[in-house]
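Here the numbering used here is used: the first residue of the sequence shown is 548, the next is one more, and so on. Have a look at the structure below, then the notes.
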Amino acid sequence: MKEVTVEANGKVFIYGVEYVKKGQDIILVPENIKITQGNCSEGILFNDDKQELFVNLGTKQYEVISAPSLSRIYKLGELKLTPCKREDLKCGDLAFRTDGVTDFTNKEQYCLILDEKSHVCIENSHDVEYPASYSTGWTYWYKVEEV
């Protein structure tokens, strides 16, 4: 995996975004990725933050709502990306997937896990892709977790 990394003033920046917490090896979720705290699962805002994509754990289906509650958005520095394997992710988990150059600011590479083989993701910043292409074909996976 090739990443463009620059160090300045004791902080690490990848593609111009501060990812690693000072003194720790933690990849932070960038501030342009807006993750919500839900009753069922975490969600991700898209379409200029007008819609929220999340998984209903009762039905194990994805749902999209309009006008999400912006008070439920995690703050910058509260979430991290932890490297994992696809088989470690379960229904309702929010993940980042990539095959090469890693740009954690790319919202379309974040997805919600539905089961061991499928996930749903954002497409073209304003639509939802399901079933997501290459569901198990991605090489690198990161689970979104609280710091």
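Note that the Cβ used here is the ideal one computed from N, Cα and C, for glycine as well.
Return the CA-CA distance between residue 632 and residue 690, expressed in angstroms with no decimal places. When rounded, the distance between both Cα atoms is 9 Å.
Local Cβ density within 10 Å of residue 585, reported as buried at 16 or more and exposed below that: With 16 or more other Cβ atoms within 10 Å, it is buried.
Please tell me whether residue 620 and residue 581 are closer than 7 Å, where the distance is taken between their beta carbons. Contact annotation: residue 620 and residue 581 have beta-carbon atoms nearer than 7 Å.
Evaluate contact between the segment 603–612 and the segment 623–630, counting only Cβ atoms and requiring at least three cross-stretch pairs below 8 Å. The segment 623–630 and the segment 603–612 do not touch, with fewer than three beta-carbon pairs separated by less than 8 Å.
Please tell me whether residue 659 and residue 641 are closer than 7 Å, where the distance is taken between their beta carbons. In contact: residue 659 and residue 641 (Cβ atoms closer than 7 Å).
Give the DSSP bridge partners of residue 613, in chain order. Residue pairing by DSSP places residue 613 opposite 598 in a beta bridge.
Give me whichever residues DSSP pairs with residue 685 in a beta bridge. Answer is none; residue 685 lacks a bridge partner.
C-alpha gap between residue 662 and residue 669, whole angstroms: Rounded to whole angstroms, residue 662 and residue 669 show a C-alpha spacing of 17 Å.
Taking just the CA atoms, how far does residue 654 sit from residue 674? Cα to Cα, residue 674 sits roughly 12 Å from residue 654.
Residue 618 versus residue 646: straight-line alpha-carbon distance, rounded: Those two C-alpha atoms are separated by around 33 Å.
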